Amino acid sequence: MIKIIVDCFGGDHSPEANVDGAIASLKSLSDLHLILSGDEAALQRCLEGKDYDRSRVEILHAPQVIGCDERPTDVIRLKRESSMIKAIRLLRDDDSVAAMVSTGSTGALVAGALTRLGRLRGVIRPAFCPILPTMNGGIVGVCDSGANVEVTPEHLRQFAIMASLYMENVYGISRPRVALLNVGKEAEKGDELRQTAYRLLEQTAEINFVGNMESRDLLSGSYDVVVADGFSGNVLIKSTEGAAIELLGKLKKDIYSKFIYKVGAALMSRMFKQEKEFMNYQNYGGSVLLGTSKVVVKGHGSSKAVAVQKCIEQAYKMQVSALAGKMEDVICRYEHYEQ
2 MIKIIVDCFG GDHSPEANVD GAIASLKSLS DLHLILSGDE AALQRCLEGK
52 DYDRSRVEIL HAPQVIGCDE RPTDVIRLKR ESSMIKAIRL LRDDDSVAAM
102 VSTGSTGALV AGALTRLGRL RGVIRPAFCP ILPTMNGGIV GVCDSGANVE
152 VTPEHLRQFA IMASLYMENV YGISRPRVAL LNVGKEAEKG DELRQTAYRL
202 LEQTAEINFV GNMESRDLLS GSYDVVVADG FSGNVLIKST EGAAIELLGK
252 LKKDIYSKFI YKVGAALMSR MFKQEKEFMN YQNYGGSVLL GTSKVVVKGH
302 GSSKAVAVQK CIEQAYKMQV SALAGKMEDV ICRYEHYEQ
C-alpha cells in the first residue's frame with residue numbers, strides 16, 4: 002500500500018477540488034491510501050455522500066490555513082497547526098508515508114520541505130520540474146522552475162541528472178534528450194555560468210545531453226528535459242503559458258467577430274476542444290520537487306479536481322519507481338559536491 006498525504010487547503014478551489022481529486026485517484030489506484038490534511042469538519046462535509054473506500058482514507062486534523070501572501074519563514078514557525086506544515090511533519094516522522102501533494106503556497110512548501118525533510122544524499126539543492134505539452138504530442142520537463150534563483154554549473158548538472166531520471170522512470174521516456182536553456186544554440190553562447198555548465202553536461206555520461214536550447218523551441222518536441230536556473234526557468238514557463246492563453250483568447254475573439262468565422266468554428270468544434278484540452282495545464286499534474294528525502298508534488302494554486310488527481314498519480318509513480326534511490330546512486334558517483 003502506497004500512503005500519500007494531500008494538503009487540502011491553500012488552493013483557489015480548496016478543499017473541494019483536493020477532496021474530489023483524491024477520491025478519483027483512489028478509484029484508479031487500488032493500492033493507494035490517502036491522508037487528507039485540513040480542518041476535519043470541513044473535510045467531512047466534502048466527503049459526505051461521496052462514493053469511496055473509507056478504509057483507505059484518513060483525516061489529519063489541521064485547523065489553520067496558510068495564505069499565499071504570508072512569509073514562508075513566518076508560517077513555518079507560527080502556523081504549526083496548518084494543513085501544510087502538519088502534513089510535512091507527518092511525512093518526515095512516519096516512515097510509512099511516502100509522499101505529499103499540495104496546491105498551497107509555493108514558498109511555504111519549499112521552505113518547509115527543505116527545513117523539515119532535508120535532501121537526498123549528494124543533492125546540493127532540490128529543484129522544481131513541471132511538465133508541459135509539446136507540439137508533437139509529447140511532453141517536456143523544465144528543471145529548475147523557481148526553487149533556485151542563483152545556481153552554479155554543478156547545480157545545473159544535478160538538475161539535469163534528476164530531471165532525466167524523473168522523465169525516464171515516471172513517464173517512460175528512454176534516454177531523455179537534455180538541453181541547456183541559453184541565448185543561442187552554439188556551444189560558446191551565454192555567460193560563464195552556462196558555458197561551464199555546457200562542458201559539465203557534455204562530460205556527464207548518465208544523461209543524453211543534446212546542447213543548448215533557445216526559449217522559442219521549448220514546445221517543439223525536440224527536447225525532453227530543459228535545464229535552467231530557477232529564475233530563467235520560471236520566466237520561460239510563465240511566458241510560454243501566457244502566450245498560449247492570450248493566443249487562444251484572441252482566436253476565440255476573432256471567431257465571434259464574423260458570422261462566416263462562426264460557421265467555420267462550428268464545423269471545427271471537435272478540433273478546437275481537442276486543442277483546448279491539449280493546452281490545459283490541469284491535465285499534466287503538478288511540479289515535482291526533485292531532490293528532497295521524500296516525494297513532494299506542488300500543484301498549481303488554481304488546480305481543480307483533475308489536476309489534483311494527476312498530482313497524486315505523479316507522486317505515486319515516483320514512489321513505485323524507487324526514483325529517490327536511483328537519483329542518489331547517480332549523483333553520488335561524482336565526488337565533488339557540496340554538503
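Residue numbers (my numbering): 2 to 340.
In this text, a Cβ means the ideal position worked out from N, Cα and C, and glycines have one as well.
It should be emphasised that the depicted structure is a prediction, and the values quoted were computed from it without experimental measurement.
Among the options, the one whose alpha carbon lies nearest that of residue i
i, options, result
"residue 173", "150, 154, 198, 140", "140"
"residue 307", "254, 18, 10", "18"
"residue 160", "130, 185, 233, 184", "130"
"residue 303", "69, 109, 251", "69"
"residue 33", "231, 59, 271, 184", "59"
"residue 43", "29, 30, 20, 187", "20"
"residue 30", "318, 334, 335, 108", "318"
"residue 155", "228, 106, 188, 95", "228"
"residue 197", "117, 232, 223, 152", "152"
"residue 35", "150, 244, 312", "312"
"residue 85", "117, 126, 46", "117"
"residue 333", "215, 46, 125", "125"
"residue 98", "193, 325, 231, 295", "295"
"residue 28", "10, 265, 56, 175", "56"
"residue 192", "222, 211, 230", "230"
Range covered by the alpha helix (DSSP H) that runs through residue i
i, result
"residue 47", "41 to 48"
"residue 202", "193 to 203"
C-beta contact flag for residue i and residue j at 8 Å
i, j, result
"residue 331", "residue 166", "yes"
"residue 24", "residue 51", "yes"
"residue 163", "residue 48", "no"
"residue 87", "residue 38", "yes"
"residue 104", "residue 15", "yes"
"residue 178", "residue 225", "yes"
"residue 316", "residue 102", "yes"
"residue 202", "residue 181", "yes"
"residue 3", "residue 310", "no"
"residue 329", "residue 119", "no"
"residue 238", "residue 157", "no"
"residue 298", "residue 114", "no"
"residue 147", "residue 168", "no"
"residue 111", "residue 83", "no"
"residue 213", "residue 185", "yes"
"residue 73", "residue 108", "yes"
"residue 188", "residue 199", "yes"
"residue 91", "residue 121", "no"
"residue 234", "residue 145", "yes"
"residue 1", "residue 170", "As displayed, the chain neither begins before 2 nor continues past 340, which places residue 1 out of reach and without an answer."
"residue 150", "residue 232", "yes"
For residue i, three-class secondary structure by DSSP
i, result
"residue 156", "helix"
"residue 65", "strand"
"residue 208", "coil"
"residue 232", "helix"
"residue 30", "coil"
"residue 331", "helix"
"residue 188", "coil"
"residue 217", "helix"
"residue 174", "coil"
"residue 322", "coil"
"residue 150", "coil"
"residue 223", "coil"
"residue 341", "No statement about residue 341 is possible, as the shown extent of the chain runs from 2 to 340 and does not include it."
"residue 165", "helix"
Run of the beta strand (DSSP E) containing residue i, from where it starts to where it stops
i, result
"residue 5", "3 to 8"
"residue 141", "140 to 144"
"residue 134", "132 to 134"
The ligand SAH heavy atom lying under 7 Å from the CB of residue i
i, result
"residue 230", "In the structure on display, the ligand SAH does not appear, and there are no ligands present to speak of."
Any chain B beta carbon closer than 8 Å to residue i
i, result
"residue 159", "No chain B appears in the structure shown, which is made up of a single protein chain."
Q: Taking only runs that begin and end inside the stretch 47 to 124, name each unbroken alpha helix (DSSP H) of 4 or more residues, in chain order.
A: 73 to 79, 84 to 94, 107 to 113
Q: May I have a chain-ordered list of the alpha helix (DSSP H) segments no shorter than 4 residues that lie completely inside the stretch 256 to 308?
A: 260 to 268, 270 to 280
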